[in-house]
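So the number in my numbering is just where the residue sits in the sequence shown, counting from 1, plus 997.
Glycine is no exception: its CB is placed at the ideal position from the N, C-alpha and C atoms.
None of the values given here were measured: they were computed from a predicted structure.
Note sheet for the following structure.
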Amino acid sequence: MIASNRLPVQVTVSDAGAIDLTPSAGGLVNALRGVATPFTWVGWPGAVVPAAAQAELADRLAADRLEPVFLEQADEAGFYGRICNDTIWPLFHDFVGRMSFTDAAWERYVDVNRRFAEQLAARSAHGARVWVHDFHLMLVPAALRELRPDLSIGFFLHIPFPSTEIFQLLPSREEVLLGLLGADQVGFHTSEYARHFRSSCLDVLGIDSGPDGIGHGGRVVGIGADPIGIDVAHFQDVLGRPETAAMVDELAARYRGQRLVLGVERLDYSKGVPQKLRAFERFLEDDPARAETTTLLQVLVPSRLESADYRELRAEIEQESARINGRFGRPGRTPVECLHRSVSPAELVALYRRADVMAVTPLRDGMNLVAQEFVLCQTAAPKLPGRARGVLLLSEFAGAAQVLPGALLVNPWDTADLAARLVEALELAPAERCRRLALMSGAVRRLAAPRWAEGCLDRLAQPEPVAGTRL
Ligand code: ADQ
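Take a look at the structure:
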């Protein structure tokens, strides 16, 4: 059984009650593709479904082994809108000042987690393996264990686990740790996050950890560092498509004679886009002639636009880009281009291929799959033009920095250094680019996603806790 906040489908229900299902992609969907063991996926279908339509929807989803958890608008507002987005996401990404917390919203979080646990308990076969994902469902392991002690329960956190000083600010810190300790195995992207979790268990609960894990309730909870990978086969497939080749040609013509610096992220303050723009401005200030030869293309997938904070962030990015273009551009030449939309797989892959520098500069990021996707698209498909030309500029605060040894590491808060690293990246000799990409390509292939999932699931099948991959 897999449990995550969202099912890998987007359900819409029309006013007349007609149900529409569209498959949705995402890191976890890609990571689970290719897992040999068949599984049932439990999660929210992405819309409030009227009671009259719930049975029909459940039947339709059951055909794909998907199991909906039906939530009301008020559940979503408190659980997802408040606790997930306004409490855990900012705190776990070290944005202490952005965190807010109310008891009423926390009660919704507790209630939704309990309902997920009840549904998993009702649907899981005796002794089944249940793998629970991410910060939305941190109370599920303990709630589920109470209902079904026979199950083998795993948990994976896709975002960072903050240092204990920051984690302790969470009013419900004990409940979160006890919730997670209900699992048999708790997985993180890096050993740093695993270490933070162990320290928090000691500081908040007084529970020390041994070499095998954390002793709790007569069991030992295994703690693992299991960095997630990407779906290599999917990207190789897209690289081989004719529409990708056409897009590669189109980009070659559009950016002829230009150095292309690329950014690709979901709109979020953790991704550090305003800081990246400031560094690019410094880069142009240091030598305004660069505005003629270098373009920063920032692709941003719209996200959480129902929140005023995210609308403000988008406005800030637009204003900054316009200001830089006003300062350094001229008619027919805009050094900063921003695309506020999702791009097709072929377009994304062709952009990765064309980029001279991939600027992945989050202020904090659990892993960051974009960095791995860039490396793969630069190094695979030998027959496609533009191979091995790019450099990865990577924030030291992304989990990816722990697994991609050939990246140029930067502190995204240090504007001058980020600008200097950009110059260094653009001037790196071709042989050095190749050497760095080859190093990273090996790492990306070793981390490839089915292995990540299979590894975590195998450990869940062991009778005794097993430490995860050591980094
Ligand atoms: P995210 O915060 O969503 O994931 P990331 O790992 O970068 O961050 O994944 C984003 C995905 O969206 C990538 O696969 C990328 O290709 C895609 N994408 C981004 N911009 C796009 C665009 N404009 N058009 C189309 N696709 C686009 C969370 C955590 C991460 C962690 C993952 C997986 O925050 O730290 O790496 O889960 O565990």
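Considering only the beta carbon of each residue, do residue i and residue j sit closer than 8 Å?
{"i": "A1356", "j": "L1259", "result": "yes"}
{"i": "A1000", "j": "L1117", "result": "yes"}
{"i": "V1218", "j": "G1207", "result": "no"}
{"i": "R1351", "j": "G1383", "result": "yes"}
{"i": "V1093", "j": "E1262", "result": "no"}
{"i": "D1181", "j": "S1149", "result": "yes"}
{"i": "P1042", "j": "V1006", "result": "yes"}
{"i": "W1449", "j": "D1228", "result": "no"}
{"i": "R1279", "j": "A1413", "result": "yes"}
{"i": "F1098", "j": "F1158", "result": "no"}
{"i": "V1420", "j": "L1390", "result": "no"}
{"i": "F1067", "j": "V1109", "result": "no"}
{"i": "S1300", "j": "L1264", "result": "yes"}
{"i": "L1401", "j": "A1377", "result": "no"}
{"i": "E1162", "j": "L1202", "result": "no"}
{"i": "P1138", "j": "F1152", "result": "yes"}
{"i": "L1136", "j": "V1107", "result": "yes"}
{"i": "V1296", "j": "V1340", "result": "yes"}
{"i": "V1405", "j": "A1276", "result": "Checking the sequence shown, residue 1405 turns out to be Leu, not Val. No, they are not a contact pair."}
Determine the burial state of residue i: buried for a count of at least 16 other Cβ atoms within 10 Å of its Cβ, exposed for fewer.
{"i": "R1079", "result": "buried"}
{"i": "A1479", "result": "Nothing in the structure corresponds to residue 1479, since the chain is present only between 998 and 1468."}
{"i": "L1302", "result": "exposed"}
{"i": "Q1165", "result": "exposed"}
{"i": "A1013", "result": "exposed"}
{"i": "K1380", "result": "exposed"}
{"i": "H1133", "result": "buried"}
{"i": "C1453", "result": "buried"}
{"i": "P1020", "result": "exposed"}
{"i": "P1359", "result": "buried"}
{"i": "G1214", "result": "exposed"}
{"i": "Q1316", "result": "exposed"}
{"i": "E1370", "result": "buried"}
{"i": "G1387", "result": "buried"}
{"i": "H1130", "result": "buried"}
{"i": "S1197", "result": "buried"}
{"i": "R1532", "result": "Because the chain in this structure spans residues 998 to 1468, residue 1532 falls outside the shown range and cannot be described."}
{"i": "T1009", "result": "exposed"}
{"i": "H1155", "result": "buried"}
{"i": "P1409", "result": "buried"}
{"i": "R1253", "result": "exposed"}
{"i": "D1411", "result": "exposed"}
{"i": "Q1459", "result": "exposed"}
{"i": "S1318", "result": "buried"}
{"i": "S1011", "result": "exposed"}
Would you grab the beta carbon distance between residue i and residue j for me? Rounded to a whole angstrom, and I think it's under 8 Å.
{"i": "V1039", "j": "E1069", "result": "Going by Cβ atoms, the distance from V1039 to E1069 rounds to 18 Å, so no, they are not a contact pair."}
{"i": "V1372", "j": "E1393", "result": "About 17 Å; that fails the 8 Å criterion."}
{"i": "I1016", "j": "L1054", "result": "5 Å"}
{"i": "G1363", "j": "G1396", "result": "5 Å"}
{"i": "A1445", "j": "G1237", "result": "That belief does not hold up - the Cβ atoms of A1445 and G1237 are roughly 17 Å apart, past 8 Å."}
{"i": "G1179", "j": "R1126", "result": "Not really, about 15 Å apart at Cβ, beyond 8 Å."}
{"i": "R1031", "j": "P1447", "result": "Rather than Arg, the amino acid found at residue 1031 in this sequence is Gly. Indeed, because the Cβ distance is near 4 Å, the residues count as touching under 8 Å."}
{"i": "L1018", "j": "R1057", "result": "7 Å"}
{"i": "H1123", "j": "D1147", "result": "6 Å"}
{"i": "N1082", "j": "S1304", "result": "7 Å"}
{"i": "R1361", "j": "S1438", "result": "Not really, about 26 Å apart at Cβ, beyond 8 Å."}
Can you list, in chain order, the residues of its chain with a C-beta nearer than 8 Å to that of residue i? Leave out the 5 residues immediately preceding and following it.
{"i": "R1330", "result": "A1288 and E1289"}
{"i": "R1120", "result": "M998, T1037, V1039 and E1064"}
Can you list, in chain order, the residues of its chain with a C-beta nearer than 6 Å to that of residue i? Leave out the 5 residues immediately preceding and following it.
{"i": "V1270", "result": "I1314"}
{"i": "N1322", "result": "T1331 and V1333"}
{"i": "T1291", "result": "R1256"}
{"i": "M1096", "result": "T1084, P1087 and L1088"}
{"i": "L1425", "result": "V1388"}
{"i": "G1169", "result": "This sequence places Ser at residue 1169; Gly is not what is there. The answer, listed in chain order, is W1103."}
{"i": "L1436", "result": "P1402 and G1403"}
{"i": "Q1272", "result": "P1409"}
Tell me which residues share the same chain as residue i and place their Cβ nearer than 7 Å to its Cβ, disregarding the 5 neighbours each side in the sequence.
{"i": "F1235", "result": "Position check: residue 1235 holds Val in this sequence, whereas Phe was assumed. T1241, P1342, A1343 and V1346, listed in sequence order."}
{"i": "P1187", "result": "At residue 1187 the sequence reads Thr, which differs from the Pro that was named. Within the same chain, T1187 has close Cβ partners A1222, P1224, G1396, Q1399 and L1468."}
{"i": "Y1307", "result": "L1264, S1300 and R1301"}
{"i": "M1026", "result": "Sequence inspection shows Val at residue 1026; the Met mentioned does not correspond to that position. Correct list, in chain order: P1005."}
> Taking only runs of the alpha helix (DSSP H) that begin and end inside the region 1341-1401, which ones reach a length of at least 4 residues, in chain order?
Replying inline: The qualifying runs are 1342-1351 and 1366-1376.
>> Threshold first: 3 residues or longer. Then list the beta strand (DSSP E) segments lying entirely within the region 1271-1317, N to C.
In response: For the region 1271-1317, whole beta strand (DSSP E) runs of length 3 or above, ordered along the chain, are 1291-1298.
> Can you list the alpha helix (DSSP H) stretches of 4 or more residues lying completely in the region 1051-1108, in chain order?
Replying inline: The qualifying runs are 1086-1089.
> In chain order, which beta strand (DSSP E) runs of at least 3 residues are fully inside the region 1207-1262?
Replying inline: Entirely contained in the region 1207-1262, the beta strand (DSSP E) runs reaching 3 residues are, in chain order, 1210-1213 and 1216-1222.
> What residue ranges within the region 1130-1163 form continuous alpha helix (DSSP H) runs of no fewer than 4 residues, ordered along the chain?
Replying inline: Correct list: 1137-1144.
> Which runs of the alpha helix (DSSP H), 4 residues or longer, sit entirely within the region 999-1033?
Replying inline: Annotation note: the region 999-1033 contains the following uninterrupted alpha helix (DSSP H) runs of length 4 or greater, listed N- to C-terminal: 1024-1029.
> In chain order, which alpha helix (DSSP H) runs of at least 4 residues are fully inside the region 1403-1460?
Replying inline: Within the region 1403-1460, the complete alpha helix (DSSP H) runs of at least 4 residues are 1412-1424, 1427-1444 and 1446-1458.
> Taking the runs of the alpha helix (DSSP H) that are 4 residues or longer, which of them lie wholly in the region 1157-1207?
Replying inline: The region 1157-1207 contains, as complete alpha helix (DSSP H) runs of 4+ residues, the segments 1161-1164, 1170-1177 and 1188-1197 (chain order).
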